[in-house]
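Residue numbers (the numbering used here), protein chains in the order written: chain A, 629 to 914; chain B, 11 to 170; chain C, 4 to 757.
Here is the structure we will look at.
See below:
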């Protein structure tokens, strides 16, 4: 196995494209190094992208926040403008792991690790985040939900890597929220996660909504049905009841060591309701 | 697979070492540099016993490759006391009986020191969440939290 | 020399204070050496190959390719170890657990091991070992294993303790029974009867330090073992027995130990490391990974328990029974028997019967976990007592006080109690401010009691006085949580010298006589007895030396406040001689001064605790948070109160984890699904509140200072205390531990449907 630390994106892409056998991109390493501990792990190449210029920076443009693929999640929480614009995304990113993990883990890594339970991904999906991908054939930008295909599987082609995650500047009277359920207060993988992103009309009714569910299906579920229950409402009880039912209905989870089907479907509804309330309040709804 | 030459700074000293590409920083510290104070409790970033500080951020050294240390600064438990003078956290851990078996203690101290550097006056809740990645199975955390609170008070100059 | 261990009421100067621990600086600077922190010249790295199957016959193992790999220095299988098949059954089980001989009996069971020049080669070698398995049907659940149609794990097991002997083998290895009176007559007198069934899942001690050792077998028959253990003398005996070594030629040094809680009382890696070293002719280091610790060390039993309690409406229990089924892993053991002994130990009962069934399953061989077997029995009984209190409309504390055991009570497991702490801890709980504090929305309060026997056992100590009058105290019980501090306090007290003049160390097996291990809460209890005895012997010597220095009869020299003093007015001009004075002259008065002691520490006083717990339950998700927690426990005498509090808090935290989230989760294939700290969820710092403690001191009559063991009892009440609190908060009874959010929510939904 080789360890490489390229200085440019072109070099990184070249290394990834040219290697025979398995190659892995190393950003924070909090998933990759765990996998490397397994006796079954096998790789020919590790490409550490942290020395590539710009990879560890958050750039604020007129229309977006461009978050380099190697920016650790702790840095998102320290970025005031980003926190104000996308409190749900930042909360979700900051929920990943411990203080120690926060200093290393990245949202790009969280996305590309393609775990159904990734905390930041539902929030990024709800926020309409886009991923800038660079590869042998140039650069392309996709909606983040197009990257994970299933547990551990992504749509990235050989030689491709995520360069940045781009979050649009939110519209006025907008806000997001992310809530997850874990058995302890910290250190667990999400049993259910729900992100809600709302934009309100001037009178406080919901003009647009995005609801994304994590850990209830092989990939994040962006539920139009759930979002639809909120449109035109002011989150009255009936609307929240409908939202909860829609979140539960949109969930297609499994029984495993972290939770049961029944539990996950029910809690998806509970968290949907609570996250919607939080987002609504943050957006200035009364 | 061939060894990689790494130049880094550990506890203020220039250090050079050779390591394999898949070798963790924790393995390098323990097996190549004789810095045995960082402990391996899990190897997967779940227990915090290997906590070290890298460029000012506390990390699990079991989740960092040795090769990644190139050009960076690393601080370990061995660098916490200044000569024979213990850091206030070290003294307070002993005074408050905040350790029983002591295997988690280096990790807690390194992580708590990082907390007090960014937040000199943390609430109990802030302490507990900051330290949630450091597992202790002996103490129930009570005396650890009290030791951190007391050290923070002393470091702020509020003599008890 | 006979040793009088009788409790003597006196004012204590050192015992009861809170000095700094002697190993503190080493542990806060990273200098303390634990199991994995030791290396020998030329050492090899060992790895163990483990069965991926829960139950499988080992048809063939071929190690040739692994042995041929460059850098591999030894490969062993069971064929390289003595065959104890027809020998002592307990020894056979220990060795077979270290290395499977004919069958792999659980996921993670060792089948082969390699020693190589580094970890990378060792890992590659493991992949080259070919094992052919014949997969057999497996069973992991305690109730399923006990059923007649279950796959039989060991054809040689016929339930013992039943008449007549069964004519077919089963997974129920033994039946045991305790009790007295006539329970049928007692139930006939009852006006209210509560009859319930409970279940607890398997948990792990969860020590943060994985097992680690460095073994070196020399060609001359001598061997050394550096190891993290709770009992290096026991490890020495076990390893010598298993490998055919001469006991005194195997020197075992206990490292600093990074947590044990009972889990480091049993060998599994050490005989393997020694065997590899013997074969390779080089030192071998073996460190288990966290995954190996979960899959293949010794967790506690999973249980299934039925409880029936009858009482009159005024709250007097007329009869009580419990039937307890405990898993022991794939080898028979006595865990249910211990559970049966403890289950009603808190109560004064006229009619009581407890029956234990040992159940073998395809899970790792069970090891002790802090008051082993007692927490599960207490969970069942203390939950049922709470339900009984509710049924008769009586306060839960009052009901327990009314039925509490006291001095003179005949315990359900046989003996008659001396002075005990169950009543006082309940009285303290009744008036504790926690008991009357207001509760918030969705909050509930629970309480429960717990009992543990405490052990004594074989112990010896050396106390050496140096020329400058300072003292080295060499003990043979491993310090698992501050005992070097408490034993230094004991020596200081008995000798009348400052704590700082004493340095306590844990001696290795070659430099001190045999000691039982640090288990059964015996470390401070028994080693303090031996320390007092050694100190008294040293004082006898010092009196003799003072007599020589003064040239007066030794009968006229007495010891007071750390000094030899001449008795009577005729020696009016003689200034007292301090330890330093006497030590300085030792070379002229007969040579080095020391006190030794070898004894069996009898009379470990039984221990009781009462815990109070407040929880808040989110009724929509089943999430439970511990809002407030109070531990009240009898210490006999708290030698170093900070570390006594630490034991109370630590046990409570482990019990809370067990109650709420910790469990071994097996898949349909019999493989452990959660062998790591990510999904085996021990409490983290943000999960817990401060844990309040109240130390009661009801002196143990069989210890000079009244000391009782304090280490274990604190884990006994929490399962029930938490369950009772959750049941009160959620309005639904939870009878299956851990009381995880999915279980709480399912119970709430079931109740809503009914």
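Idealized CB from N, CA, C, for every residue including glycine.
Item                                                                                                                                    : Value
Whole-angstrom distance between residue 901 of chain A and residue 163 of chain B, CA atom to CA atom                                   : 41 Å
Under 8 Å from the C-beta of residue 665 of chain A: neighbouring residues of chain B                                                   : 53, 54
DSSP three-state assignment for residue 126 of chain B, whether helix, strand or coil                                                   : helix
CA-to-CA distance, residue 249 of chain C to residue 149 of chain C, given in whole angstroms                                           : 41 Å
Reduced DSSP secondary structure (H/G/I, E/B, other) of residue 153 of chain B                                                          : helix
Neighbour flag for residue 113 of chain B against chain C, beta carbons, 8 Å                                                            : yes
Environment of residue 50 of chain B [buried if 16+ CB atoms lie within 10 Å]                                                           : buried
Proximity below 8 Å, CB of residue 177 of chain C to CB of residue 361 of chain C                                                       : yes
Residues within the region 714-732 of chain A neighbouring chain C, beta-carbon criterion of under 8 Å                                  : none
Cross-chain neighbours of residue 139 of chain B in chain A, by beta carbon under 7 Å                                                   : 814
Member of C:754, C:745, C:636 whose CA lies at the smallest distance from the CA of residue 710 of chain C                              : C:636
Cβ neighbours of residue 141 of chain C in the same chain (closer than 6 Å, five flanking residues each side left out)                  : 57, 58, 365, 673
Residues of its chain near residue 569 of chain C, where Cβ-Cβ distance is below 7 Å and the 5 sequence neighbours each way are ignored : 553, 555, 559, 560, 577
Residue-chain proximity (residue 100 of chain C, chain A), Cβ-Cβ < 8 Å                                                                  : no
Chain-ordered neighbours of residue 32 of chain B on chain A, where CB pairs are closer than 7 Å                                        : 629, 664
Completely contained beta strand (DSSP E) runs for the region 505-568 of chain C, where each covers 3 or more residues                  : 505-509, 560-563
Segment limits, alpha helix (DSSP H) that includes residue 725 of chain C                                                               : 721-733
Where residue 153 of chain B meets chain C, residues with beta-carbon distance less than 8 Å                                            : 645, 648, 649, 652
Below-8 Å beta-carbon distance, residue 657 of chain A vs any chain B residue                                                           : yes
Helix, strand or coil at residue 179 of chain C according to DSSP, with G and I counted as helix                                        : strand
is_contact[residue 885 of chain A, chain C] using C-beta, thresh 8 Å                                                                    : yes
Residue 80 of chain C versus C:134, C:74, C:47, C:72, residue with shortest Cα-Cα distance                                              : C:134
According to DSSP, residues forming a beta bridge with residue 815 of chain A                                                           : According to DSSP, residue 815 of chain A bridges with nothing at all.
Within 9 Å of chain B by C-beta, residues of the region 192-212 of chain C in sequence order                                            : 208, 209, 210, 211, 212
Residues that DSSP places opposite residue 156 of chain C in a beta bridge                                                              : Its beta-bridge partners do not exist; DSSP assigns none.
Given residue 305 of chain C as reference, the closest of C:279, C:87, C:275, C:206 once Cα atoms are compared                          : C:206
is_contact[residue 686 of chain A, chain B] using C-beta, thresh 8 Å                                                                    : no
Integer Cβ distance of residue 667 of chain A from residue 129 of chain C, believed to fall under 8 Å                                   : 7 Å
Proximal residues of chain C, C-beta to C-beta of residue 116 of chain B below 7 Å                                                      : 33
Residues that residue 144 of chain B contacts on chain C, provided the C-beta gap is smaller than 9 Å                                   : 687, 688
Per-residue contacts from residue 674 of chain A into chain B (C-beta, under 9 Å)                                                       : 31, 32, 75, 77
Member of C:735, C:389, C:121, C:125 whose CA lies at the smallest distance from the CA of residue 756 of chain C                       : C:735
Collapsed DSSP secondary structure at residue 102 of chain C in the structure displayed                                                 : coil
Residue(s) in a DSSP beta bridge with residue 463 of chain C                                                                            : C:601
DSSP state of residue 724 of chain A mapped onto helix, strand, coil                                                                    : coil
Buried/exposed call for residue 221 of chain C, threshold 16 Cβ in 10 Å                                                                 : exposed
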